Amino acid sequence: MNTRRTLLVAIGATLLAAPRVALAQQKVWRIGVLLLRRPASLESDANYSAFVRGMSELGYVQGKNLVIEARFADGRPERLPVLAAELVRLKVDAIVAAGNQPISAAQQSTSTIPIVIASAIDPVESGFVKSLAHPGGNITGLSNLTGELIAKHLEFMLSTVPNVSRVALLMNPTNSAHAGLLKNVQAAAQKVSVQVVPAQARSPAEFEPAFSSMTQQKVGAVIVAIDGLFAQHAGEIAALAARTRLPSIYTTRVYVEAGGLMSYGQNLADNYYRAAAYVDKILKGAKPADLPVEQSTKFEFLIN
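Residue numbers (this note's numbering): 797 to 1100.
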């Protein structure tokens, strides 16, 4: 009887201890997030919160089995390499990056840590992946269609201001993708006998001079290229467009919410949400090289 009682006690103690051992051994995944723009609030930011929600729905809970190391460059591209290197030193399991400049910084910092693109302009042309179907390296994720949509921006603007003959494109010379955007919109404009005037701004100090040059060159409207620096200062850019009486169109809704005229582009929050699925597959053993790059599927058109 004593032997039986001892055996039952031992089994009971083992069963009670088992959950604790399993909990202690539960893997805690560390995910880096690298962005040029700093959200006003992580909880209320549509994009960031969509990624967190996507991870949560897949079983990852912050404070339990997930740690998110978010790094923001506050609209200053020169800070991105330092922040990317910091995430590499933290030995994160994957890096989620949105925008060509953050992706480029992450790419230059590591060739081994998986990088998931939440949004990028032409990742093949930008050198992030070999092809959409076969990325071939440590980078995969979601491509936006801004390169194709820029012609649609011109179309919307000409419908709004039908007699305009000169349209400005506000672009950031530090964003390598903007040269391609300029080429695409100029090709579309040539078909309708409209001239596209490039205006450059690489810092907030150059916003006002850029709009002043548009006024001097007598442009009738402005297209603002998608860019983390510009998004960080959406309110300032929208105010300058209003002050110079230039109808404006943007790629993301943040500008319209800040007072801009209209926007047309992919739903970035949906991209961030879908990026979580890529992270989940990679954490479960999939290789980025084998995960095809997907394109945006949800688009929105907003008018203020």
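Using N, Cα and C, we set each Cβ at its ideal position, and we do this for glycine too.
Fair warning: this is a prediction, and the values are worked out from it, not measured in the lab.
Query, Result
"Starting from the Cα of Met967, find the closest Cα among Arg1041, Val1052 and Thr1047 and give me that residue.", "Thr1047"
"Hey, quick one: how far does the beta strand (DSSP E) through Ala866 stretch, first residue to last?", "Leu862 to Phe868"
"Considering only residues of the stretch 911-952, which uninterrupted beta strand (DSSP E) runs meet the minimum length of 3 residues and lie entirely inside it, listed in chain order?", "911-915 and 935-939"
"To the nearest whole angstrom, what separates the beta carbons of Val1089 and Gly937, a pair I think is in contact under 8 Å?", "6 Å"
"Where does Ala973 sit, in a helix, a strand or coil, going by DSSP?", "coil"
"So, helix, strand or coil for Val888, using DSSP?", "coil"
"At which residues does the alpha helix (DSSP H) containing Gln1012 begin and terminate?", "Phe1003 to Gln1012"
"Which same chain residues end up closer than 6 Å to Leu977 when comparing Cβ atoms and leaving out the 5 residues on each side of it in sequence?", "Ile946 and Ala1021"
"Note down the Cα distance separating Val817 from Leu862, rounded to an integer number of angstroms.", "In this prediction, Val817 has a pLDDT of 45, which is less than 50 and means its spatial position is unreliable; what the coordinates show is noted afterwards. Taking the straight line from one Cα to the other gives about 18 Å."
"The beta strand (DSSP E) that contains Ala995, what's its start and end?", "Gln991 to Gln996"
"For Gly828, count neighbouring Cβ atoms within 10 angstroms of its own Cβ and tell me buried if that reaches 16, exposed if not.", "buried"
"Tell me whether the beta-carbon of Pro898 lies closer than 7 Å to the beta-carbon of Leu883.", "no"
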